[in-house]
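Number of protein chains: 2
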Amino acid sequence: MTSSESGVDQPWNQQRLRSSNERMLLERLRATPASRAQLARETGLSKPTVSSALASLEAAGLVREAGHHTPERGRAAVLYAPDPSAGYALGIDIGRAWLRVALADLDGTVVARKDVRNRARTSGAMADLVVATAHQVVAGSDVVPADVVHAVVGTPGVYDPAVRRVRYALHLPGWGRAGLFDRMREELGVPLAVHNDANLAAVGEHAFGVGAGSRLFVYVMIGTGLGMGIVADGRPFTGASGAAGEIGFLPWNDRAPDTLEDAVSAEAVVRTARALGMTGTLTAKSVFEAARAGEAAAVGAVRQEGERLAHTVSAVAAVLDPELVVLGGGVGHSADLLLQTVRDTLRRLTPLRPKVAASALGEDAVLLGAVATAMGRARDVVFAQRA
Amino acid sequence: MTSSESGVDQPWNQQRLRSSNERMLLERLRATPASRAQLARETGLSKPTVSSALASLEAAGLVREAGHHTPERGRAAVLYAPDPSAGYALGIDIGRAWLRVALADLDGTVVARKDVRNRARTSGAMADLVVATAHQVVAGSDVVPADVVHAVVGTPGVYDPAVRRVRYALHLPGWGRAGLFDRMREELGVPLAVHNDANLAAVGEHAFGVGAGSRLFVYVMIGTGLGMGIVADGRPFTGASGAAGEIGFLPWNDRAPDTLEDAVSAEAVVRTARALGMTGTLTAKSVFEAARAGEAAAVGAVRQEGERLAHTVSAVAAVLDPELVVLGGGVGHSADLLLQTVRDTLRRLTPLRPKVAASALGEDAVLLGAVATAMGRARDVVFAQRA
DNA sequence: CGCTCTTAGTAAGGGAACTTAACTTAAGCA
DNA sequence: TGCTTAAGTTAAGTTCCCTTACTAAGAGCG
Numbered sequence: 001m002t003s004s005e006s007g008v009d010q011p012w013n014q015q016r017l018r019s020s021n022e023r024m025l026l027e028r029l030r031a032t033p034a035s036r037a038q039l040a041r042e043t044g045l046s047k048p049t050v051s052s053a054l055a056s057l058e059a060a061g062l063v064r065e066a067g068h069h070t071p072e073r074g075r076a077a078v079l080y081a082p083d084p085s086a087g088y089a090l091g092i093d094i095g096r097a098w099l100r101v102a103l104a105d106l107d108g109t110v111v112a113r114k115d116v117r118n119r120a121r122t123s124g125a126m127a128d129l130v131v132a133t134a135h136q137v138v139a140g141s142d143v144v145p146a147d148v149v150h151a152v153v154g155t156p157g158v159y160d161p162a163v164r165r166v167r168y169a170l171h172l173p174g175w176g177r178a179g180l181f182d183r184m185r186e187e188l189g190v191p192l193a194v195h196n197d198a199n200l201a202a203v204g205e206h207a208f209g210v211g212a213g214s215r216l217f218v219y220v221m222i223g224t225g226l227g228m229g230i231v232a233d234g235r236p237f238t239g240a241s242g243a244a245g246e247i248g249f250l251p252w253n254d255r256a257p258d259t260l261e262d263a264v265s266a267e268a269v270v271r272t273a274r275a276l277g278m279t280g281t282l283t284a285k286s287v288f289e290a291a292r293a294g295e296a297a298a299v300g301a302v303r304q305e306g307e308r309l310a311h312t313v314s315a316v317a318a319v320l321d322p323e324l325v326v327l328g329g330g331v332g333h334s335a336d337l338l339l340q341t342v343r344d345t346l347r348r349l350t351p352l353r354p355k356v357a358a359s360a361l362g363e364d365a366v367l368l369g370a371v372a373t374a375m376g377r378a379r380d381v382v383f384a385q386r387a
Numbered sequence: 001m002t003s004s005e006s007g008v009d010q011p012w013n014q015q016r017l018r019s020s021n022e023r024m025l026l027e028r029l030r031a032t033p034a035s036r037a038q039l040a041r042e043t044g045l046s047k048p049t050v051s052s053a054l055a056s057l058e059a060a061g062l063v064r065e066a067g068h069h070t071p072e073r074g075r076a077a078v079l080y081a082p083d084p085s086a087g088y089a090l091g092i093d094i095g096r097a098w099l100r101v102a103l104a105d106l107d108g109t110v111v112a113r114k115d116v117r118n119r120a121r122t123s124g125a126m127a128d129l130v131v132a133t134a135h136q137v138v139a140g141s142d143v144v145p146a147d148v149v150h151a152v153v154g155t156p157g158v159y160d161p162a163v164r165r166v167r168y169a170l171h172l173p174g175w176g177r178a179g180l181f182d183r184m185r186e187e188l189g190v191p192l193a194v195h196n197d198a199n200l201a202a203v204g205e206h207a208f209g210v211g212a213g214s215r216l217f218v219y220v221m222i223g224t225g226l227g228m229g230i231v232a233d234g235r236p237f238t239g240a241s242g243a244a245g246e247i248g249f250l251p252w253n254d255r256a257p258d259t260l261e262d263a264v265s266a267e268a269v270v271r272t273a274r275a276l277g278m279t280g281t282l283t284a285k286s287v288f289e290a291a292r293a294g295e296a297a298a299v300g301a302v303r304q305e306g307e308r309l310a311h312t313v314s315a316v317a318a319v320l321d322p323e324l325v326v327l328g329g330g331v332g333h334s335a336d337l338l339l340q341t342v343r344d345t346l347r348r349l350t351p352l353r354p355k356v357a358a359s360a361l362g363e364d365a366v367l368l369g370a371v372a373t374a375m376g377r378a379r380d381v382v383f384a385q386r387a
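Note that the protein sequences, when read in sequence, are chains G and B.
The first sequence begins at 1 in the UniProt record's numbering and counts up by one.
The second sequence begins at 1 in the UniProt record's numbering and counts up by one.
In structure tokens form, the structure reads like this:
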């Protein structure tokens, strides 16, 4: 027999009833401020119940008056809105080149931020830098440290909560060490969750960027490596072992034994450009700039990159059928150059053609995804801990 | 801002509280019969509440006494269990060669079944055959027709509820005609849902087969075509437009322009066997039998099939990271021959290696998936319509 | 046989949270 | 100032859950 979800969930008593209704009202208010009468009409609760629930929320500091609304005729309504200062969340992006930290309120508004170059040589120094920068960001804001409720870190690799360390972090030496994040957690003094950077970028693009409102979309992160984040029904989809979206391992070419990651990452663009005749010190960025200027070898390299990306996207489309594919990562800022080639090649390759778009958040996608994730958790925590 | 899930859900009043608790108790009883006292202990509800809820459920015919249990010491307990005869569900598998219909109770026990060869020449005749066979199955059982609560049909292609017809049903002429399923629905007199066959096979394998308990697994259906069903957290994952798992469209080989479907389906095995020197009238089945007997060309064809499947699986693993890959479909009964090759090749191809297993349900996977899906819906309906 | 121990199940009382219905408050307008 | 209309509150009543205390029933034992 099926069984599966045999775990009996919590019983519903009156407290949970009340709590559930308060939560529903709070979520409704996040969309737009509303009066008690309006909430009653919209939610189906009675006016007295709404009044009482709103009083509780206001007493707990989760909701506050937000002006008035005078209808055509009749008494003016008192509008309520969530109080975004009821808690704060830290988003942290640990990248190869940059460490970025942002502090946001419960509306997702960033109230303080600091980006520092990542010059740490060891993972321990890196951890110290993260903690120090986070403390600076909080100190540089008007936020009381105790009001910072949750933090989320984005990092390459897959964090395994069971052993509390990162796996597959190939490009960061020592980063897989045990105890690293426990130390950060402790010195930070804030609950800290660790997520894969591509997944967070996808979440960020869903919360604030071009993926907004999409029921199923993927974020392809092209840079030093190749990764993908999946957001399904608003939540990250991580697979059975956290390795969903590790498209660097897609089978690519049975002639040459190189990986798709090698074939599509930023270095590959440089390699192709050289093979096509470009010379000098090249970076992916300079190749894209040359292509923009019309240099033939560069254009060819970019075209090949686009074709290979289309190959990747077609594989993803066949398995997942996403509504939208967002191109981002280090190469993302040149996505406009790639889009047309990707779309044209896709048309040749497969009848399954998701929309393809460039990242709207650019370099900030991971950071904002961390912010969005931490904020979501912070909302839960603040609600759960109300008086 | 994020917004997204801005839809306010239903308010929680006392009726919903009661209903929710009754539902929870019912689901708990599906795992194993239990006494009131035991339910109270396990669910956290009080004994009087459990008594009262159980009385309602019993009055509604959803639950019945199921013997007694005498503890070590103390009064004997009255056990309760769900009444599986509170409703019935129809599962229907419309395949190329066979039409299969099964009637199951709310426990998922098949109480009547009929398989007929699919000789219909037109889609209209096919629809008539489906309805007639379904009526025969119900008539041939002890079940009152009014107790049949829901039906689910499995068919190739993607059913689009918006236009109420099937798309991409390449191998079935006329099957994409509008109104076809509306007609069946009407003549059947039972609510009818239409699902993709590979998805249902995956659901079936999750409910009754080798995928039981897996949080994320895929069912690869190899036969006339090539398809895949995905079950995530117990629910089918269909993608944005219902085309998730259409792995026949995976990019395969940039030298030859054929599709992966052509390269992996049953016909491909025959083609390869011929190319390797086999002669006579060959079917996929006969090639597998010859391979089992040790004939070199057949062994070679089977090996190539396994290698190509491994290629497919590695792509799926890179995107989805499933816990388990189940091989099924027409070629499924020979999966044991393929497993070793698939596993060995996977080891060469990728570090992401999901478990690979043969289907446990064989030809019945689609039918049982339809039964499981219809039963799930029937449980909901019966519960919602209790007095 | 009846006493005691133990667990199952019920009855009665009380409290929390919701609803309905009626009332009060406040704003605009004649 | 009084009328109309909509917002918001008060009061009464309902539903459903919980706690406490009781009764019911089986098993071992003197």
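Built from N, CA and C at the ideal position, the CB exists for glycine as well.
In this text the structure is predicted, and so the values were computed from the model without any measurement.
query	result
DSSP three-state label for B:ASN199, please.	helix
According to DSSP, B:MET126 sits in a beta bridge with which residue or residues?	Note: B:MET126 sits in no beta bridge, so no partner.
Using 8 Å for Cβ pairs, my map puts B:VAL342 next to B:GLY376. What's the rounded Cβ distance?	Actually they are not in contact, since the Cβ atoms of B:VAL342 and B:GLY376 sit about 31 Å apart, beyond 8 Å.
Curious, which full-length beta strand (DSSP E) runs of at least 3 residues does the stretch 199-277 of chain B contain?	216-222 and 226-232
Apply the 10 Å Cβ neighbour rule to G:THR345 and answer buried if 16 or more other Cβ atoms are within range, or exposed otherwise.	buried
What does the alpha-carbon distance come out to for the pair G:LEU79 and G:SER85?	18 Å
What residue range is occupied by the uninterrupted beta strand (DSSP E) comprising B:ALA360?	Element bounds for B:ALA360: n/a, residue is neither H nor E.
Around the C-beta of B:ASP9, are 16 or more other C-beta atoms found within 10 angstroms, so that it is buried, or is it exposed?	exposed
Using the beta-carbon count (16 or more within 10 Å), is B:GLY157 buried or exposed?	buried
Where does B:HIS171 sit, in a helix, a strand or coil, going by DSSP?	coil
Taking only beta carbons into account, state which residues of the stretch 346-374 of chain G come closer than 9 Å to chain B, listed in chain order.	LEU349, THR350, PRO351, LEU352, PRO354 and ALA372
Using a Cβ-Cβ cutoff of less than 6 Å, which residues in the same chain neighbour G:ALA89 once the five nearest sequence positions on both sides are dropped?	ALA104, HIS150, ALA374, MET375 and ALA378
Is G:ARG347 helix, strand or coil when you go by DSSP?	helix
Could you list which residues in chain G have their beta carbon closer than 9 Å to that of B:ALA384, in chain order?	Result: empty, since nearest Cβ-Cβ is about 17 Å, beyond 9 Å.
Rounded to a whole number of angstroms, what is the C-alpha to C-alpha distance between B:GLY227 and B:ASP197?	9 Å
Measuring only between beta-carbons, confirm whether G:THR238 sits less than 9 Å from chain B.	yes
According to DSSP, is G:THR32 helix, strand or coil?	coil
Go ahead and label B:PRO354 buried or exposed: buried means 16 or more other beta carbons lie within 10 angstroms of its beta carbon, across all protein chains shown.	buried
What is the DSSP secondary structure of G:GLU323, counted as helix, strand or coil?	coil
Just list the beta strand (DSSP E) runs in the stretch 72-114 of chain G, keeping only unbroken ones of 3 residues or longer that don't cross its boundaries, in chain order.	77-82, 88-94 and 98-105
Which one of B:GLY369, B:LEU180, B:GLY209 and B:LEU250 has the shortest CA to CA distance from B:ASP128?	B:LEU180
Note down the Cα distance separating B:GLY362 from G:ALA102, rounded to an integer number of angstroms.	53 Å
Could you tell me if B:GLN385 is buried or exposed, where buried requires 16 or more neighbouring beta carbons within 10 angstroms of its beta carbon?	exposed
Got a sec? Which residues, its chain only, sit under 7 Å from B:THR133 by beta carbon, not counting five neighbours each side?	LEU99, VAL101, LYS114 and VAL116
Kindly list the residues whose CB is nearer than 8 Å to the CB of residue 389 of chain G, restricted to its own chain and excluding five residues on each side of it in sequence; keep chain order.	Limits of chain G in this structure are 1 at one end and 387 at the other, which puts residue 389 of chain G out of reach.
Consider the Cβ of B:PRO161: report whether some Cβ of chain G lies at a distance smaller than 9 Å.	no
Looking only at its chain, what residues have a beta carbon closer than 6 Å to the beta carbon of B:HIS69, apart from the 5 residues adjacent to it on each side?	ALA77 and LEU79
Counting contacts by CB-CB distance shorter than 9 Å, is B:LEU45 in contact with chain G?	yes
Check each candidate in B:LEU54, B:MET221, B:PRO191 and B:ARG271 and name the one with the smallest Cα separation from B:ALA146.	B:PRO191
Give me the residue from G:VAL210, G:HIS135 and G:THR350 with the minimum Cα distance to G:GLU187.	G:HIS135
Take G:ARG167 and list the residues in its own chain whose beta-carbon comes closer than 7 Å to its own, dropping the five residues that flank it on each side.	GLY157, VAL158, ASP160 and GLY176
Can you tell me the Cα-Cα spacing of B:SER3 and G:PHE208, whole angstroms?	The pLDDT assigned to B:SER3 is 36, lower than 50, so where the model puts this residue is not dependable, and the model offers no usable value.
If I measure Cβ to Cβ from G:ALA97 and keep anything under 8 Å in the same chain, skipping five residues before and after, which residues do I get?	ARG117 and ASN118
When Cβ atoms are compared, which residues of the stretch 95-129 of chain B fall closer than 8 Å to chain G?	ASP107 and GLY108
Three-state secondary structure (DSSP) at B:GLU295?	coil
Determine which residues of the stretch 308-331 of chain B have a Cβ less than 7 Å from any Cβ of chain G, and write them out in chain order.	HIS311, SER314, ALA315, VAL316, ALA318, VAL319, LEU320, ASP321, PRO322 and GLU323
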